[in-house]
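J.: Here it is, the structure, as structure tokens.
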Amino acid sequence: MSKQTEIATFAGGCFWCMVEPFDQRPGVIDISSGYTGGHVENPTYEQVCSNTTGHVEAVQITFDPEIMPYKELVETFWQQIDPTDAGGQFNDRGESYQTAIFYHTEEQKKVAEDSKKALDESDRFKMPIVTPILPAEPFYEAEEEHQDYYKKRSFHYRLYKKGSGRQDFIENNWKNPINKSDLKEKLTPIQYHVTQENGTERPFDNEYWNNTQEGIYVDIIKGNVLFSSKDQYDAGCGWPSFTKPVDPYQIEDKVDKTHGMVRTEIRSKQSDSHLGHVFEDGPQDKGGLRYCMNSAAMRFIPKEKMAEEGYSKYLYIFD
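This is the structure we're talking about:
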């Protein structure tokens with residue numbers, strides 16, 4: 005991690021839902037829920053919700069730009085919101101739930117404006133992008149009960165994210181469709197079977213189950229980074245196993261009730277590909293999880309080739 009850190013501030017509606025997407029991402033050092041943009045000093049949650057303070061609910065992120073570029077944070081921000089809604093977000097209405105990007109430097113302003121322009125011209129949405137890009141103002145941390153809400157009250161948080169309409173909106177508007185006909189041409193039969201048909205390759209008879217080289221594992225389709233050899237270990241199961249992903253934002257979990265079992269499936273968020281499953285029998289001193297993945301869903305890039313393949317920013321893993 006470099007000695008240089010920056011601050012990013014985003015308003016995306018209810019701040020309960022704006023912490024999880026950024027939390028635990030590589031390069032993110034700290035994230036706080038709070039209020040900004042208004043005229044009342046040290047406002048309370050009740051005051052802000054009354055829509056009389058001028059404040060919006062927001063999150064402020066301290067990050068290392070060498071590991072997590074500001075541009076990637078902005079792209080993550082867009083993927084959590086409806087940027088065409090000027091009156092709030094989903095079921096939450098009023099000025100306190102309006103969206104905004106608050107820039108802290110001229111460089112951040114330019115990155116945000118360029119990103120907004122690109123999104124507007126992408127035709128992803130039929131309506132114009134209305135999220136304003138504004139100079140940062142004093143940020144007031146919210147009450148402790150609102151910090152890390154998705155961890156403290158995870159069940160209620162997930163109900164709220166679903167019930168508010170945010171989760172469905174994200175799934176319907178931010179998923180990039182995959183042409184399966186093209187994939188059949190691009191992938192080997194086992195790669196297609198695993199990623200697109202939720203298949204499982206044979207244990208002890210797959211490419212990376214006993215790999216000992218240093219490097220990273222990327223999505224076979226989209227190329228986003230999934231796992232690192234630093235977190236790989238021999239679980240004795242015959243498939244490549246890891247204690248954690250490099251970037252939790254790049255994967256998602258789903259309940260899998262097939263084969264008469266209840267398991268947690270792991271999928272790649274960008275390609276919606278099946279990767280494997282996660283179990284709670286991993287090393288206890290490293291969190292207790294075992295991400296049991298299929299080699300066919302990933303491509304391994306040795307450490308010495310990461311720079312030439314465009315993954316140099318991930319070399320910090322091996323420092």
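Read in this note's numbering, the sequence shown has 215 at position 211, and its numbers run on one by one without any break. Virtual Cβ for every residue (Gly too), placed ideally from N, Cα, C.
Quick check on DSSP: helix, strand or coil for Arg170?
T.: As a first step, residue 170 is located in the sequence shown; it is residue number 166 there, counting from the start. Reduced to three states, the DSSP call for Arg170 is helix.
J.: Are three or more beta carbon pairs between the stretch 160-175 and the stretch 91-108 nearer than 8 Å?
T.: Output reads yes: the stretch 91-108 touches the stretch 160-175.
J.: Which of helix, strand or coil does DSSP assign to Gly227?
T.: For the purposes of this step, residue 227 is taken as residue 223 along the sequence shown, with counting starting at 1. The answer is coil: DSSP assigns Gly227 none of H, G, I, E or B.
J.: CB of Phe143 to nearest heavy atom of the ligand COA: below 6 Å?
T.: Of ligands this structure carries none, so the ligand COA is not represented either.
J.: Use the C-beta contact count for Leu319: other C-beta atoms within 10 angstroms, 16 or more gives buried, fewer gives exposed.
T.: Start at 1 with the first residue of the sequence shown, and residue 319 comes out as number 315. Leu319 comes out exposed.
J.: How should Val259 be labelled, buried or exposed, when 16 other C-beta atoms within 10 angstroms of its C-beta is the threshold for buried?
T.: Locating residue 259 in the sequence shown gives position 255, where the first residue counts as 1. Exposed, since its Cβ has fewer than 16 Cβ neighbours within 10 Å.
J.: Output the distance between the C-alpha atoms of Pro136 and Tyr107, rounded to the nearest integer angstrom.
T.: Within the sequence shown, numbered from 1, the residue matching residue 136 stands at position 132. Within the sequence shown, numbered from 1, the residue matching residue 107 stands at position 103. Going by the C-alpha atoms only, they are around 11 Å apart.
J.: Taking the C-alpha atoms as reference points, what is the distance between Ile85 and Gly17?
T.: Along the sequence shown, read from residue 1 onward, the residue named residue 85 stands at position 81. Along the sequence shown, read from residue 1 onward, the residue named residue 17 stands at position 13. Going from the Cα of Ile85 to the Cα of Gly17 covers about 8 Å.
J.: From Ala15, Asn202, His281, Lys248, pick the residue whose C-alpha is nearest to that of Val78; which is it?
T.: Here residue 78 refers to the residue found at position 74 of the sequence shown. Of Ala15, Asn202, His281, Lys248, the residue nearest in Cα terms is Ala15.
J.: Compute the Euclidean distance between the alpha carbons of Phe67 and Glu147, then round it to the nearest angstrom.
T.: Looking up residue 67 in the sequence shown gives position 63. Looking up residue 147 in the sequence shown gives position 143. So the alpha carbons of these two residues sit roughly 22 Å apart.
J.: Please identify the residue among Pro47, Glu99, Val115 whose C-alpha is closest to the C-alpha of Ala12.
T.: Position 8 of the sequence shown, counted from the start, is the residue given in the question as residue 12. When each option's Cα is compared against that of Ala12, the closest is Val115.
J.: Can you tell me where the beta strand (DSSP E) holding Thr103 begins and where it ends?
T.: Position 99 of the sequence shown, counted from the first residue, corresponds to residue 103. Taken as a continuous stretch (DSSP letters only), the beta strand (DSSP E) holding Thr103 covers 103-107.
J.: Counting only runs that start and end within the stretch 120-198, where is the beta strand (DSSP E) found for 3 or more residues in a row?
T.: 137-139, 143-145
J.: Given Met5, which residues of its chain have a CB within under 6 Å of its CB, disregarding the five upstream and five downstream residues?
T.: In the sequence shown, residue 5 corresponds to position 1, counting from 1. Confidence at Met5 is low in this model, with a pLDDT of 46, below 50, so its placement is unreliable and the value that follows should be read with caution. Cβ neighbours of Met5 beyond the five flanking positions: Asp68.
J.: How far does the alpha helix (DSSP H) with Cys53 in it extend, from its first residue to its last?
T.: Within the sequence shown, numbered from 1, the residue matching residue 53 stands at position 49. Unbroken alpha helix (DSSP H) run through Cys53: 49-53.
J.: Nearest to Phe19 by alpha carbon, out of Gly314, Val63, Val250?
T.: The residue you call residue 19 lines up with position 15 of the sequence shown. Of the listed residues, the one whose Cα sits closest to Phe19 is Val63.
J.: Count the other CB atoms within 10 Å of the CB of Thr199; is the residue buried (16 or more) or exposed (fewer)?
T.: Residue mapping note: residue 199 aligns to position 195 of the sequence shown, counting from 1. Only buried fits Thr199, as 16 or more other CB atoms lie within 10 angstroms of its CB.
J.: If I follow the unbroken beta strand (DSSP E) through Glu24, where does it start and stop?
T.: By 1-based counting over the sequence shown, the position of residue 24 is 20. Glu24 -> no beta strand (DSSP E), and no H or E assigned at all.
J.: Starting from Thr88, trace the beta strand (DSSP E) both ways and give me its first and last residue.
T.: Sequence index remark: in the sequence shown, residue 88 carries index 84 (1-based). Unbroken run through Thr88: none, as it is neither H nor E.
J.: From which residue to which residue does the beta strand (DSSP E) around Thr13 run?
T.: Numbered from its first residue, the sequence shown carries residue 13 at position 9. Element bounds for Thr13: 10-16.
J.: Using the DSSP secondary-structure output, state which residues sit across from Met302 in a beta bridge.
T.: As a working mapping, residue 302 is identified with position 298 in the sequence shown. Answer is Asp223, bridged to Met302.
J.: Check this for me: beta carbons of Val44 and Ser100, under 7 Å apart or not?
T.: Position 40 of the sequence shown, counted from the first residue, corresponds to residue 44. Position 96 of the sequence shown, counted from the first residue, corresponds to residue 100. No, these two residues do not count as a Cβ contact at 7 Å.
J.: With distance defined between alpha-carbon atoms, name the residue in Asn202, Ile255, Met22, Val222 nearest to Thr262.
T.: Within the sequence shown, numbered from 1, the residue matching residue 262 stands at position 258. Residue Asn202 holds the alpha-carbon nearest to the alpha-carbon of Thr262 among Asn202, Ile255, Met22, Val222.
J.: Residues bridged to Tyr212 by DSSP?
T.: The count along the sequence shown starts at 1 and reaches residue 212 at position 208. Looking at the DSSP assignment, Tyr212 forms no beta bridge with any residue, so it has no partner.
J.: Give the straight-line distance between the Cα atoms of Thr247 and Tyr221, rounded to the nearest whole angstrom.
T.: For the purposes of this step, residue 247 is identified with residue 243 of the sequence shown, where counting begins at 1. For the purposes of this step, residue 221 is identified with residue 217 of the sequence shown, where counting begins at 1. Put simply, the backbone Cα of Thr247 is about 14 Å away from that of Tyr221.
J.: Thinking Tyr212 and Met302 are a contact (beta carbons under 8 Å), I'd like their distance in whole angstroms, please.
T.: As a working note, residue 212 is residue 208 in the sequence shown. As a working note, residue 302 is residue 298 in the sequence shown. 7 Å between Cβ atoms; contact.
J.: State the beta-bridge partners of Ser232 as determined by DSSP.
T.: On the sequence shown, position 228 is the one that residue 232 refers to. The partner list for Ser232 (beta bridge, DSSP) reads Ile220.
J.: So, does the stretch 122-138 touch the stretch 27-36, judging by three or more C-beta pairs under 8 Å?
T.: no
J.: Return the residue from the list Lys309, Met22, Lys317 that minimises the CA-CA distance to Tyr164.
T.: As a first step, residue 164 must be located in the sequence shown, where it is residue number 160. Comparing Cα-Cα distances from Tyr164 to each of Lys309, Met22, Lys317, the minimum goes to Met22.
J.: What is the DSSP secondary structure of Ala116, reduced to helix, strand or coil?
T.: For the purposes of this step, residue 116 is identified with residue 112 of the sequence shown, where counting begins at 1. Helix.
J.: Name, in chain order, the residues that DSSP records as bridge partners for Arg206.
T.: As a working note, residue 206 is residue 202 in the sequence shown. Looking at the DSSP assignment, Arg206 forms no beta bridge with any residue, so it has no partner.
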